[in-house]
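A.B. asks: Heads up: the sequence shown is residues 98 to 228, going by our numbering.
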Amino acid sequence: MREYLKKTWMLASLLWILLPLGQTVSAQSNPKLDPLIQNVYGRKTISLNGNWSYLLDQLEVGYYNYRRTPDPNGFFKDPAVDNVTAYKEYDFDSAPVMAIPGDWNTWEDRFFFYEGTMWFKHKFLYKKDRS
Numbered sequence: 098m099r100e101y102l103k104k105t106w107m108l109a110s111l112l113w114i115l116l117p118l119g120q121t122v123s124a125q126s127n128p129k130l131d132p133l134i135q136n137v138y139g140r141k142t143i144s145l146n147g148n149w150s151y152l153l154d155q156l157e158v159g160y161y162n163y164r165r166t167p168d169p170n171g172f173f174k175d176p177a178v179d180n181v182t183a184y185k186e187y188d189f190d191s192a193p194v195m196a197i198p199g200d201w202n203t204w205e206d207r208f209f210f211y212e213g214t215m216w217f218k219h220k221f222l223y224k225k226d227r228s
């Protein structure tokens with residue numbers, strides 16, 4: 098009886114170790130998922146560090162419309178306007194800037210306890226490689 102319990106315990110331990118390993122391998126080879134990014138350090142990268150314009154959005158009007166559904170013309174579109182025939186109530190070009198990487202909670206005292214939406218904008222040059 099003692100030998101039977103010992104073998105059962107060893108088998109249960111082995112299954113406890115190998116079962117999660119099999120699930121991890123199968124999750125990474127799932128054909129429905131996108132392939133994992135590999136050799137990130139061998140790729141050409143662009144640094145996005147620098148000064149970013151930011152807008153505080155306490156009421157989330159930059160994403161939602163008055164019916165609280167996503168607005169297709171939110172702040173993320175940032176259209177160019179002439180303020181005569183078309184206008185917008187925000188302006189990234191005259192907005193304050195923040196050094197990124199960084200966090201807004203320590204950037205200004207008034208943001209220390211803020212836990213809401215902020216919009217950031219930074220222009221950079223990018224040329225898509227044909228290959």
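Glycine included, every Cβ here is placed at the ideal spot set by N, Cα and C.
Three or more beta-carbon pairs under 8 Å between the stretch 141-159 and the stretch 188-199, yes or no?
C.D. replies: yes
A.B. asks: What would DSSP say about Asn202, mapped onto helix, strand or coil?
C.D. replies: helix
A.B. asks: Exposed or buried, which one is Gly159 when buried takes at least 16 other CB atoms within 10 Å?
C.D. replies: buried
A.B. asks: In terms of alpha-carbon separation, which member of Arg140, Phe172, Arg164, Val137 lies closest to Asp154?
C.D. replies: Phe172
A.B. asks: Which one or two residues does DSSP pair with Arg197 in a beta bridge?
C.D. replies: Looking at the sequence provided, one finds Ile at residue 197 rather than Arg. Answer is Gly147, bridged to Ile197.
A.B. asks: Rounded to a whole number of angstroms, what is the C-alpha to C-alpha distance between Ala183 and Tyr163?
C.D. replies: 19 Å
A.B. asks: Round the Cβ separation of Leu152 and Ala192 to the nearest angstrom and send it over; I've been treating them as touching at under 8 Å.
C.D. replies: Their Cβ separation, rounded to whole angstroms, is 5 Å, which keeps Leu152 and Ala192 in contact under 8 Å.
A.B. asks: May I have the straight-line CA-CA distance separating Thr121 from Arg140, to the nearest angstrom?
C.D. replies: Residue placement at Thr121 is poorly supported in this model, since its pLDDT is 49, which falls under 50; the coordinates still yield a value, given next. Between Thr121 and Arg140, the C-alpha separation is close to 26 Å.
A.B. asks: Where DSSP assigns a beta bridge to Tyr161, which residues make up the other side?
C.D. replies: Pro167.
A.B. asks: Express the C-alpha separation of Gln135 and Phe221 in angstroms, rounding to a whole number.
C.D. replies: 25 Å
A.B. asks: Output the distance between the C-alpha atoms of Glu157 and Glu186, rounded to the nearest integer angstrom.
C.D. replies: 13 Å
A.B. asks: Reducing DSSP to helix, strand and coil, say where Phe208 ends up.
C.D. replies: helix
A.B. asks: Using the three-state DSSP reduction, which class does Phe189 fall into: helix, strand or coil?
C.D. replies: Phe189 falls in the helix class under three-state DSSP.
A.B. asks: Closest by CA to Gly213, which one among Trp201, His219, Leu133, Asp179?
C.D. replies: Trp201
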